[in-house]
Amino acid sequence: MTEPRDHPFVAAVKPLVDAMGGELMDPALAQPDDVVLTWEGQDLLAVRLPQLSDSLDHILAALERRHGVPLAQLDRKSKQDVVRILEARGAFSVRHGVETVAGALGVSRFTVYNYLNRDAATSKGPKNSQE
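2 is the number of the first residue of the sequence shown in our numbering; add one for each residue after it.
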């Protein structure tokens, strides 16, 4: 039998686990909060999920890789797009999320809040001229 790390299922889920910042491990070492993945009735591997605050760091790193430069070097519109993506992914529900994002973007917390407020105002659409 192939070793679990050489199993095609492990190869298939590894990029997802890496993108989340999780850790693959032997199912015998799994703790109650770990996710044990089973293949054909056999526990094949366990996944230890990251803490939410660590997930934000992984999302920021993935966005940097996507843009090819540190997020602080992006232009204003690109930074606004990053904030929009992060908001959709729940980044601002994490404690100190705004501060973490502001630091990564090289802007102030106030600027991040402005980007968020601008998106909220834009999503409501223009006001009816008869109001």
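The beta carbon of each residue, even a glycine, is placed where N, CA and C say it ideally should be. A quick note: this is a predicted structure, and the numbers were derived from the prediction, not measured.
Asked	Found
Counterpart residues of Ala121 in DSSP-defined beta bridges	Partner(s): none; Ala121 has no beta bridge.
Residue burial classification, Gly23 (beta-carbon count within 10 angstroms, cutoff 16)	buried
Residue range of the alpha helix (DSSP H) that includes Leu17	9 to 21
Simplified DSSP assignment, three categories, for Asn115	helix
Whole-Å CB distance - Leu38 paired with Leu46, under 8 Å assumed	5 Å
Sequence-distant residues of its chain with Cβ nearer than 6 Å to Tyr114 (five each side left out)	none
Cross-strand partners of Arg85 (DSSP beta bridge)	Paired residues: none, contrary to the question.
DSSP state of Gln52 mapped onto helix, strand, coil	coil
Exposure of Leu30, with buried meaning 16 or more beta-carbon neighbours within 10 Å	exposed
Assigned exposure category for Ala57 - 16 Cβ within 10 Å defines buried	The question names Ala, yet the displayed sequence has Leu at residue 57. The residue is buried, with at least 16 neighbouring Cβ atoms inside 10 Å.
Helix, strand or coil at Asp74 [DSSP, three-state]	What sits at residue 74 in the sequence shown is Gln, not Asp. Three-state DSSP puts Gln74 in a helix.
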